[in-house]
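Numbering (our numbering), first residue to last: 1 to 111.
Shown next as structure tokens:
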């Protein structure tokens, strides 16, 4: 398996895309990020953040205070990835009608 394929899976996963897009706006605490992403479970967000942190896209800043405070931000590499993924997401949104028409044509030809 090509090493780049695994990285691509991480940044283009359902939650990876949304986390990168949210963090492109600003840094977030965990609970804020969970609300910003919407629909992600605590477990999946934790896994996604750990994966993105391990790949060097996300920086986790744990402050030694009570209660604990953890902030998540994009690294320079993460900013690059987020900008690319966000461009693809914007393109996808702009082409929904074309894809819908293609699906209807395909389904009509198959019926």
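We put the CB at the ideal spot given by N, CA and C, even for glycine.
Inter-residue spacing [alpha-carbon to alpha-carbon] between residue i and residue j
i           : j           : result
residue 33  : residue 60  : 13 Å
residue 66  : residue 29  : 15 Å
residue 63  : residue 71  : 8 Å
residue 26  : residue 37  : 13 Å
residue 105 : residue 31  : 43 Å
residue 101 : residue 108 : 10 Å
residue 90  : residue 103 : 20 Å
residue 95  : residue 88  : 11 Å
Contacts around residue i, its chain only, beta-carbon distance under 6 Å, and the 5 residues preceding and following it disregarded
i          : result
residue 53 : 60
residue 42 : none
residue 69 : 63
Option nearest residue i by Cα separation, candidates the options
i          : options         : result
residue 86 : 31, 20 and 49   : 20
residue 80 : 3, 6 and 11     : 11
residue 84 : 3, 17 and 96    : 17
residue 44 : 101, 102 and 14 : 14
Own chain residues within Cβ distance below 8 Å of residue i, not counting five before or after
i          : result
residue 23 : 33, 58, 72, 73, 74, 78 and 82
heavy atom of the ligand FMN below 7 Å from residue i C-beta
i          : result
residue 98 : Summarising the ligand content, the structure contains no ligands, and the ligand FMN is consequently not present.
Own chain partners of residue i with C-beta closer than 7 Å, once the 5 adjacent residues on each side are dropped
i          : result
residue 55 : 7 and 10
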